[in-house]
């Protein structure tokens with residue numbers, strides 16, 4: 004088990020299987036020393052635990068937890084192409100999308116769920132640039148979607 008996966012276990016979490024694509028794309032691709040994940044939904048066991056808009060059917064706190072699930076799914080996607088999460092040199096950027104009720108403006112707090120989890124798992128290597136964007140709707144009526152870009156050490 005890699006040190007990163009040991010840290011995930013220490014936090015009481017489990018690295019999931021890679022979420023299968025919903026359309027014509029790959030969960031992650033590598034270009035040079037960078038891995039770019041596709042947008043990761045908060046799938047757990049092949050299903051969304053919650054659906055709907057944040058600020059309406061889904062609370063900001065629930066969505067923050069879902070964003071952490073997205074980040075964990077993104078790490079699984081990274082591992083699928085990098086082979087070993089210990090190769091992560093740093094998380095470069097996180098982009099989070101929040102399906103938002105018309106009056107919801109707490110997107111940064113929701114995406115903190117992903118950012119904070121990456122920091123808990125990777126320490127300083129998890130510090131990153133970020134965007135948190137409110138959108139009208141996401142695939143499958145998911146409340147959040149997160150994509151991650153990481154830099155790897157040379158193989």
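Residue numbers (our numbering): 4 to 158.
Glycine residues also receive a C-beta, built at the ideal position from the N, C-alpha and C atoms.
Query - Where the beta strand (DSSP E) containing residue 119 begins and where it ends - result: On the chain shown, residue 119 is found 116 positions in, with the first residue counted as 1. Per DSSP, residue 119 belongs to no beta strand (DSSP E); it is in the alpha helix (DSSP H), 110-125.
Query raised in the report: So what does DSSP say about residue 40, is it helix, strand or coil?
Result: In the chain shown, residue 40 corresponds to position 37, counting from 1. Residue 40: strand per DSSP, three-state reduction.
**Report entry** Rounded C-alpha distance that separates residue 12 from residue 155
**Finding:** For the purposes of this step, residue 12 is taken as the residue at position 9 of the chain shown. For the purposes of this step, residue 155 is taken as the residue at position 152 of the chain shown. Using only the alpha carbons, I get a separation of about 22 Å.
Query raised in the report: According to the Cβ coordinates, are residue 19 and residue 79 closer than 8 Å?
Result: As a position in the chain shown, residue 19 is number 16, starting the count at 1. As a position in the chain shown, residue 79 is number 76, starting the count at 1. Contact flag set, yes.
Query raised in the report: Going by DSSP, which residues form a beta bridge with residue 155?
Result: One-based indexing of the chain shown puts residue 155 at position 152. Partner(s): 91.
Report task. If I'm right that residue 153 touches residue 84 with Cβ under 8 Å, what's the distance once you round it to whole angstroms? Result -> For the purposes of this step, residue 153 is taken as the residue at position 150 of the chain shown. For the purposes of this step, residue 84 is taken as the residue at position 81 of the chain shown. Incorrect: roughly 10 Å between the Cβ atoms, too far for contact.
Query raised in the report: Which of the three DSSP states, helix, strand or coil, is assigned to residue 34?
Result: For this step, residue 34 is matched to residue 31 along the chain shown. In the three-state reduction of the DSSP assignment, residue 34 falls in the strand class.
**Report entry** Nearest candidate by alpha-carbon position, reference residue 146, set 96, 87, 67 and 90
**Finding:** Position 143 of the chain shown, counting from 1, holds the residue named residue 146. Closest by alpha carbon: 67.
**Report entry** Same chain, Cβ closer than 6 Å to residue 21, neighbours up to 5 away in sequence not counted
**Finding:** For the purposes of this step, residue 21 is taken as the residue at position 18 of the chain shown. Cβ neighbours of residue 21 beyond the five flanking positions: 30, 79, 80 and 83.
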